[in-house]
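In the UniProt record's numbering, the protein residues as written are 1 to 152.
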């Protein structure tokens, strides 16, 4: 499987995952559903994350990952899945709070965001169980432990 990843770094941040890591993580989530998907991941600062989160979700704070699925016009088929906006400042803060390695938490956010692009959600309990089980499965396949292990 091949994935076409447009990785855009729009902020300064030390120790970001490599392009290859982003490709691996995204392809892990997208592989079962698309043959050759295209995806954009934008690494954004807290200001941009907050603006987008406020505009599109009505939440006036920066967030870890935002997912914007691409919807092709009727009759047109494109391999573009959509865009992920990830704020490494929030991901880093969460990784410290949750006592998880930064890159492992980043992997979780990429997989989580990709599943949203595919239409998965966690609004109700049954959907959350399905989405979380896929996240755990994909992360385990790349050697990352259950990200929900400490949830109550």
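No residue lacks a Cβ here, since even glycine has one placed at the ideal position from N, Cα and C.
Since the model is a prediction, treat every value here as computed from it, not as a measurement.
Between which two residues does the beta strand (DSSP E) holding residue i run?
| i | result |
| --- | --- |
| residue 83 | 80–86 |
| residue 76 | Taken as a continuous stretch (DSSP letters only), residue 76 belongs to no beta strand (DSSP E), as it is neither H nor E. |
| residue 39 | 38–43 |
Check each candidate in the options and name the one with the smallest Cα separation from residue i.
| i | options | result |
| --- | --- | --- |
| residue 89 | 50, 148, 34 | 50 |
| residue 37 | 47, 43, 44, 23 | 23 |
| residue 85 | 148, 4, 9 | 9 |
| residue 141 | 108, 118, 123, 121 | 108 |
| residue 33 | 53, 118, 21, 64 | 118 |
| residue 110 | 11, 12, 17 | 17 |
| residue 20 | 13, 12, 7, 11 | 7 |
| residue 121 | 76, 68, 149, 75 | 68 |
| residue 45 | 98, 92, 144, 145 | 92 |
| residue 12 | 35, 48, 28 | 48 |
| residue 41 | 35, 5, 143, 96 | 5 |
| residue 98 | 56, 143, 149, 35 | 149 |
Return helix, strand or coil for residue i, following the three-state DSSP convention.
| i | result |
| --- | --- |
| residue 146 | coil |
| residue 63 | coil |
| residue 3 | coil |
| residue 13 | coil |
| residue 8 | strand |
| residue 158 | Within the shown structure, residues of the chain are numbered from 1 to 152, placing residue 158 beyond reach of any answer. |
Would residue i and residue j be called neighbours here (beta carbons separated by less than 8 Å)?
| i | j | result |
| --- | --- | --- |
| residue 112 | residue 94 | no |
| residue 102 | residue 15 | yes |
| residue 134 | residue 115 | yes |
| residue 3 | residue 26 | yes |
| residue 62 | residue 100 | no |
| residue 30 | residue 52 | no |
| residue 64 | residue 87 | yes |
Provide the residue span of the alpha helix (DSSP H) that contains residue i, from first to last.
| i | result |
| --- | --- |
| residue 52 | 46–57 |
| residue 31 | No alpha helix (DSSP H) holds residue 31; DSSP gives it neither H nor E. |
| residue 129 | 125–141 |
Is any heavy atom of the ligand SAM found at a distance shorter than 7 Å from the C-beta of residue i?
| i | result |
| --- | --- |
| residue 35 | Looking for the ligand SAM in the displayed structure turns up nothing, as the structure carries no ligands at all. |
Can we say the region 73–92 touches the region 125–134, given the rule of at least three CB pairs closer than 8 Å? In this structure the region 73–92 does not lie against the region 125–134, because fewer than three pairs of beta carbons, one per stretch, are closer than 8 Å.
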